[in-house]
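Just so we're on the same page, our numbering is the position in the sequence shown counted from 1, plus 182.
Structure first, then comments.
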Amino acid sequence: MGKLNLDQILKDLDATSALEGLQDIIVALRDAFNVDHMVYHWVDSSGDQYGCGTYSPEWVELYTARNYLRVDPVIQGCYQRFHPVDWKRLDWSSKPAWEIFALAMEYGIGNQGYSIPIRGPNGQFALFTASHNCDDDAWAEFTEAYNRDLILIAHYFNRKALEFEPGRQSEQSRALSPREVDAMTLIAMGYSRAQVAESLSISQNTLRVYIESARFKLGALNTTHAVARALSRGLIVV
183 MGKLNLDQIL KDLDATSALE GLQDIIVALR DAFNVDHMVY HWVDSSGDQY GCGTYSPEWV
243 ELYTARNYLR VDPVIQGCYQ RFHPVDWKRL DWSSKPAWEI FALAMEYGIG NQGYSIPIRG
303 PNGQFALFTA SHNCDDDAWA EFTEAYNRDL ILIAHYFNRK ALEFEPGRQS EQSRALSPRE
363 VDAMTLIAMG YSRAQVAESL SISQNTLRVY IESARFKLGA LNTTHAVARA LSRGLIVV
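Rendered as structure tokens:
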């Protein structure tokens, strides 16, 4: 797979002006990462669910009709974790789990998957997933090479989806500039300053300007305090 043009993908995502446009973006992401499927699934603050992705309508209908959400090891595993989940590390030993896995293979979902749990304001929860059919070594190589890109895109994607949530106060999301949000989000996710600067393709001096600006706007004593305030106000999503 060639080098991803991550900046262009994120620009296209930023330019999306309607919820339906996210479907076009996720298809483009699937093609850019050269995997079988990509899916985004969220539950908003009122409990409504929304999904977009490249699974077949038949699989989505079957999954919903059989209420697999209750017993899916991927869903359960992501509820219990904050970090990305490789499907192979989950417990598939129960009969319902094996049924889901066998049917997923039948419907072309893939034998490998990588799901990123995302928690937003007011109890919002979302998953961003890439899945593929390949051997363990190829998948390990893929996740090692692209896990940081996938995490970054997952949080961008969720932030964009939240813009379309009914009743969401848009003025809150503008309290920090987009670059300040990016920087604070990555710091909250545990990235070092060097990793944040590299991910955003900026110098560490420029990064320091963004962080200090965000700290000032939030009235925070230090970076840790700024991250905590940004999270509590729903300005960043981790």
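Glycine residues also receive a C-beta, built at the ideal position from the N, C-alpha and C atoms.
Quick caveat, the model's predicted, so the values are computed rather than measured.
Query	Result
For CYS260, which of helix, strand or coil comes out of DSSP?	helix
Measure the alpha-carbon distance for ALA320 versus ALA402 and round it to whole angstroms.	44 angstroms
With distances taken between CB atoms, is the gap from ALA396 to LEU358 smaller than 8 angstroms?	yes
From the DSSP output, which residues share a beta bridge with CYS234?	TYR222
Counting C-beta neighbours from all protein chains within 10 Å, is the total for ALA365 16 or more, i.e. buried, or is it exposed?	buried
Please state the DSSP three-state secondary structure of HIS407.	helix
Based on the DSSP secondary-structure assignment, which residues constitute the bridge partners of VAL267?	SER297
Considering SER313, what are the terminal residues of the beta strand (DSSP E) in which it resides?	307-314
In three-state terms, what does DSSP make of PHE215?	helix
Does the beta-carbon of ALA286 have 16 or more other beta-carbons within 10 angstroms, so that it is buried, or is it exposed?	buried
Put ASN387 into one of helix, strand or coil per three-state DSSP.	helix
Compare the Cα-Cα distances from ASN315 to each of ALA376, ALA308, LEU201 and ILE291 and report the closest residue.	ILE291
Taking all protein chains shown into account, decide if TYR261 is buried (16 or more other Cβ within 10 angstroms of its Cβ) or exposed.	exposed
How many angstroms separate the CA atom of ARG301 from the CA atom of THR367?	12 angstroms
By a C-beta neighbour count over all protein chains shown, 10 Å radius and 16 as the cutoff for buried, is ASN340 buried or exposed?	buried
Using a Cβ-Cβ cut-off of 7 angstroms (strictly less than) and excluding sequence neighbours within five positions of GLN205, which residues of its own chain qualify?	CYS234
Using only the alpha-carbon positions, how far apart do LEU413 and LEU251 sit?	27 angstroms
Quick check on the DSSP output: the alpha helix (DSSP H) that includes ALA200 runs from which residue to which?	Segment: none, ALA200 is in no alpha helix (DSSP H) and carries neither H nor E.
If we ignore side chains and look at the alpha-carbon of each, how far apart do SER355 and PRO303 end up?	Low local confidence applies: a pLDDT of 40 at SER355 is under 50, so the model's placement there is unreliable, and no value is given.
Assuming VAL256 and VAL242 make a contact with CB atoms under 8 angstroms, what is their CB distance in whole Å?	Incorrect: roughly 14 angstroms between the Cβ atoms, too far for contact.
What did DSSP end up calling MET287 once you bin it into helix, strand or coil?	helix
Just curious, the alpha helix (DSSP H) that PRO360 is in, first and last residue?	360-370
At a cut-off of 7 angstroms, is TYR289 close to the ligand ATP when judged by its beta-carbon and the heavy atoms of the ligand?	Although the ligand ATP was asked about, the structure shown includes no ligands whatsoever.
Could you have a look at VAL378 and say whether DSSP puts it in helix, strand or coil?	helix
Please state if the CB of HIS219 and the CB of ARG232 are separated by a distance shorter than 8 angstroms.	Sequence check: residue 232 is Tyr here, not Arg. Contact: no.
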